[in-house]
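Structure record follows, encoded as structure tokens.
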Amino acid sequence: MTKKNVAVIGGGAKAAALAAKAYALRKQGVADIGVTIFEQDVIGANWNGRAGYTDGAQRLCTPAERDLGFPYTTILGEPVASFTLKEFSWATFLGSKRPSYRDWVDGGRRPPTHEDFAAYLDWSVKKSDASVVKASVGRLSEKGEQWRILSKTPGGGWSAASDTLFDGVVVTGPGPARGISKSGSSGRIFNGIDFWQRTGEIRKLLPASRKDGQIAIIGAGGTAAAVLAWLCKNGHRDREIFIIADQGALYTRGDSVFENRLFSDDEAWNSLSPSSKREFFDRLNRGVVWGTVMNEVATASRVRFQNGRATRVTPQSTHVEVAVRRGDTIPVLLRPELLIDAAGFDSWWFLNLLTGVPPAMKRSDVYRDALRDGLNESLEFQGAPWTFPRLHAPMLSSTQGPGYGNLMALGAMSDLILRSYL
């Protein structure tokens, strides 16, 4: 059995799912696929509440049963699916910890907190025997049809983060926060990552006892809603809060059996036309808020929607000036005391790891659209303009399925990627 080596950049849920499935393949004698995870912090860092993105206390919006192996299809064989369920399911994890599986069921099977989910990921990776390299990946270097992973040295040069040459690379993670153009810096401006690390600053700048002073949030998706929910729970539900977005409301994402089926039924998904796929994906993934979060933000009494796009941010000593161009092109100027830029993250961040592609091309929508359209059933780029070794980008896989880029079908995501190395 020839060994294949796969690198995963980022130690989150996708890395844990791939590590668990590779372990199952080895234990069942199906394939020898080694998974090496490159993570600059710790496994589950983006979930544990200590590295931004969350405070760790929020609960997952997806049910806990949609765990690392869900939906437990038999793409890689029934023994592999059964082994993954037995060894890496959420129920098995709870059975190894306290509170127990029984306590979770008796408590109503609530979704885990982000911090508990991070513990599940860490437990799974350790159990899988996957290699974990603590490094910040800075470059992917071609070696024939394989990759070498490079990290930056203190002197500014490059060195191999691992001696292994990899047959494929899986890029994961939300990427850095996308920031609106601003002139100057300010302690009154936050983003979707550092907001959770700087909540103490928010309490000092705008004590809950003060009811004056506006807050503005750029964006109307999941990150913006999570920020709004935190504000509501921490004394700001009656403060005037502006949501700046090119939509007129926070749209709710429910938990419908009809919608859920398309996340785990490939045949049903493949029967849709390209336009129907785009409509479904956008309806459930872009600018939508899960019902559980919506229940929390619904307590806010003075939320105002400012339709349009923020075009410029200018920090002042006592506030932030935010220039907004409305949908009807009329300019508006807001002056909140705090601004949270929660417009999303750069899912194309990994292009900066590639050499040989001009920076302007990396930023080109035409280039990116061509790459996305070329993503195949293994969630890897294929065909022109891609000229590099194998690279999988599940977070950009909307053409292949709506659940591979999120937590809805982690098991199916790992099946599709690892099947291509058998």
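According to our numbering, the sequence shown is numbered sequentially starting from 24.
Idealized CB from N, CA, C, for every residue including glycine.
Since the structure is predicted, the reported quantities are computational estimates derived from the model, not experimental observations.
First and last residue of the uninterrupted alpha helix (DSSP H) at residue i
i    : result
D396 : D388 to D396
V65  : Where V65 is concerned, there is no enclosing alpha helix (DSSP H), given that its DSSP letter is neither H nor E.
A30  : Run containing A30: none in the alpha helix (DSSP H); it sits in the beta strand (DSSP E), K27 to I32.
A36  : A36 to K50
V192 : Premise fails: V192 lies in the beta strand (DSSP E), G191 to V194, not in any alpha helix (DSSP H).
P177 : Taken as a continuous stretch (DSSP letters only), P177 belongs to no alpha helix (DSSP H), as it is neither H nor E.
V474 : Lying outside 24 to 445, the shown extent of the chain, residue 474 is not represented and no answer is given.
S154 : Note, S154: premise wrong, no alpha helix (DSSP H); beta strand (DSSP E) at S154 to K157.
P297 : P297 to N308
G434 : L433 to R442
L357 : Unbroken run through L357 is the beta strand (DSSP E), P354 to L357; no alpha helix (DSSP H).
Cut-off 8 Å between Cβ atoms - residues of its own chain near residue i, not counting five sequence neighbours on either side
i    : result
D396 : T422
K26  : D55, I56 and G57
A80  : G72, T136, H137 and E138
N399 : Q405 and Q423
G161 : L173, S174, K175, W181 and L376
G271 : F328 and N330
R49  : D55 and I56
Three-state class that DSSP yields for residue i in the structure shown
i    : result
T341 : coil
N318 : helix
K234 : coil
A200 : strand
F411 : coil
W127 : helix
D145 : helix
F213 : strand
Q423 : coil
R348 : strand
F368 : strand
Cβ shell of residue i (< 6 Å), same chain only, five flanking positions each side left out
i    : result
G236 : L229 and E360
V155 : I60
N28  : G57, T187, F189 and D190
Pairwise C-alpha distance: residue j and residue i
i    : j    : result
N429 : M418 : 7 Å
R211 : V103 : 51 Å
A40  : R233 : 46 Å
P338 : T136 : 35 Å
Q63  : A158 : 5 Å
I267 : W170 : 42 Å
F411 : D186 : 20 Å
M431 : V316 : 17 Å
I446 : T275 : What the structure shows of the chain is the stretch from 24 to 445, and residue 446 is not part of that stretch, so it cannot be assessed.
S164 : T378 : 7 Å
V193 : A407 : 19 Å
A247 : N214 : 10 Å
Other residues of its chain near residue i: CB distance less than 7 Å, five sequence neighbours each side excluded
i    : result
E282 : L307
W127 : L117
F218 : V250 and I363
E88  : W113
The beta strand (DSSP E) enclosing residue i, as first and last residue numbers
i    : result
A183 : W181 to A183
W313 : V311 to W313
N330 : V326 to N330
I363 : L361 to D364
Cβ-heavy atom distance, residue i to the ligand FAD, below 8 Å
i    : result
T195 : As far as ligands go, the structure on display features none, and thus does not contain the ligand FAD.
- Query: For the region 238-283, which segments carrying the beta strand (DSSP E) assignment without a break, of at least 3 residues, lie completely within its bounds, in sequence order?
  - Reply: 238-241, 264-268 and 274-276
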